[in-house]
Amino acid sequence: MNREGEQTLLRVFLQNTDRYSWWSTADDTLLGRAMRRELEGATSLEGICGLVGGEIVEPGRWAIVQHHPVILEFLDSPQAIGGFLEDVAQVAPRTLATLERVHVLAHRRRADESAAVASHLEVPGQPEPTTYLPGPEEFPIMRTAVDGQLLRIFVDDTDTFHHQPLYRAVLDKAHELGLSNAVVLRAPKGFGTHQRLHSDSSPDYVTELPVLIEVVGTAEEIGRLLPFLDEAVPEGLITIEGVKMLRPVGQGDPATST
Numbered sequence: 022m023n024r025e026g027e028q029t030l031l032r033v034f035l036q037n038t039d040r041y042s043w044w045s046t047a048d049d050t051l052l053g054r055a056m057r058r059e060l061e062g063a064t065s066l067e068g069i070c071g072l073v074g075g076e077i078v079e080p081g082r083w084a085i086v087q088h089h090p091v092i093l094e095f096l097d098s099p100q101a102i103g104g105f106l107e108d109v110a111q112v113a114p115r116t117l118a119t120l121e122r123v124h125v126l127a128h129r130r131r132a133d134e135s136a137a138v139a140s141h142l143e144v145p146g147q148p149e150p151t152t153y154l155p156g157p158e159e160f161p162i163m164r165t166a167v168d169g170q171l172l173r174i175f176v177d178d179t180d181t182f183h184h185q186p187l188y189r190a191v192l193d194k195a196h197e198l199g200l201s202n203a204v205v206l207r208a209p210k211g212f213g214t215h216q217r218l219h220s221d222s223s224p225d226y227v228t229e230l231p232v233l234i235e236v237v238g239t240a241e242e243i244g245r246l247l248p249f250l251d252e253a254v255p256e257g258l259i260t261i262e263g264v265k266m267l268r269p270v271g272q273g274d275p276a277t278s279t
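The numbers in the working numbering rise by one with no breaks, and the one at position 9 of the sequence shown is 30.
Below you can see the structure in the form of structure tokens.
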């Protein structure tokens, strides 16, 4: 199946210990249902710590069960993702999910097709604001969607602020300011503005691995965090992109129709 063009990226924010039933975790259940629906793809990302539903989640030093945040990403057409939202609402009714527009350039191509594909790949133009979203008439769950922002902060794990890891300082500040959802992801390798490749397999490796901090919230919530980032992140990349947030009814912002 080759699909090039506008698709929808669904991201679901969970804990590894969230359960759907006594024999199945929520993330495993959602991945299984996504496969049965034959969605185009899914990815599971594990964070080292984070905020889930306003509570800090991190492994405990002496805990038998180690807690950490999980992000599940699902990619397919708006119609396919719209149908899958019913599974998300059933399996993880108290979790946050976000929807974003993505442009698929090439998917599942054979080697002998790669040259032809490369000859016509182009950066997509500006889309209509709602072309990538399932509509509330077709999928009533979309009536709970609100406009939000995804804030991404790219730093190193050796960066500090007031004698603590910078990523932890950002997480604590987000918690203090009343934000509800954030995830810290550590990458095995990468480089930044200094053009030095940091890798956990390097002979002179100490730490200094890339760290990505993702924070999701309304524009007002993200705005509360920005002054702290201006002070605490003297060097690093910060990006903001728009998303649609699906929050449980009765939690967070009031439900608004799209």
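Just so you know, even glycine gets a beta-carbon here, dropped at the ideal spot from N, CA and C.
These numbers were taken from a predicted model, which means no experiment stands behind them.
Cα-Cα separation, residue 177 to residue 189
Those two C-alpha atoms are separated by around 12 Å.
DSSP three-state assignment for residue 100, whether helix, strand or coil: helix
For residue 195 and residue 237, I'd like the C-alpha separation in whole angstroms. Cα to Cα, the separation comes out at about 10 Å.
| request: Would you list, in sequence order, the uninterrupted alpha helix (DSSP H) runs of no fewer than 4 residues that lie entirely inside the segment 229-277? | output: 240-253
Can you check whether the CB of residue 121 is closer than 9 Å to the CB of residue 171? yes
Is the distance from the Cβ of residue 204 to the Cβ of residue 90 below 9 Å? yes
| DSSP state of residue 208, grouped into three classes? | Coil at residue 208, not helix or strand.
(message) Here's the rule: buried if 16 or more other CB atoms are within 10 angstroms of the residue's CB, otherwise exposed. What is residue 123?
(response) exposed
Using a Cβ-Cβ cut-off of 6 Å (strictly less than) and excluding sequence neighbours within five positions of residue 200, which residues of its own chain qualify?
238, 242
Contained beta strand (DSSP E) runs [length at least 3] in the segment 166-191, N- to C-terminal order:
Counting only unbroken stretches of 3 or more residues, the beta strand (DSSP E) elements lying wholly within the segment 166-191 are 166-177, in sequence order.
With a CB to CB cut of under 7 Å and the five nearest residues on each side skipped, what residues in its chain are close to residue 80? The answer, listed in chain order, is 87, 88, 89.
task = Specify the secondary structure class of residue 33 as computed by DSSP and reduced to three states.
result = strand
Practice problem: Let me know if residue 106 comes out buried or exposed under the rule of 16 or more other beta-carbons within 10 Å of its beta-carbon. | Solution: buried
Q.
Quick check: what's the CA-CA separation for residue 192 versus residue 71?
A. Approximately 7 Å, taken between the alpha carbons.
Which value, in whole angstroms, describes the spacing of the CA atoms of residue 64 and residue 182? 32 Å
Residue range of the beta strand (DSSP E) that includes residue 122 | 117-125
Review point. At what residues does the alpha helix (DSSP H) containing residue 58 begin and finish?
Key: Looking at the DSSP string, residue 58 is not in any alpha helix (DSSP H), and its letter there is neither H nor E.
>> Assuming contact is defined by CB atoms lying nearer than 9 Å, are residue 47 and residue 118 in contact in what I supplied?
In response: In terms of Cβ geometry, residue 47 and residue 118 do not form a close pair [threshold 9 Å].
Buried or exposed: where does residue 142 fall if 16 or more other Cβ atoms within 10 Å of its Cβ makes it buried? Because residue 142 carries a pLDDT of 49, less than 50, the predicted location of this residue cannot be relied on, and the following value inherits that uncertainty. Counting every other CB atom within 10 Å of its CB across the protein chains shown gives residue 142 a total below 16, marking it as exposed.
Using only alpha-carbon positions, find the residue among 62, 39, 198, 92 that is nearest to residue 68. 92
task: Sort out for me which residues DSSP pairs residue 28 with in a bridge.
output: 123
Please look up how many angstroms separate the CB atoms of residue 115 and residue 74, rounded, as I've assumed it's under 8 Å.
7 Å
Next item on the list: Confirm, please, whether the CB-CB distance from residue 257 to residue 174 is below 9 Å.
Entry: yes
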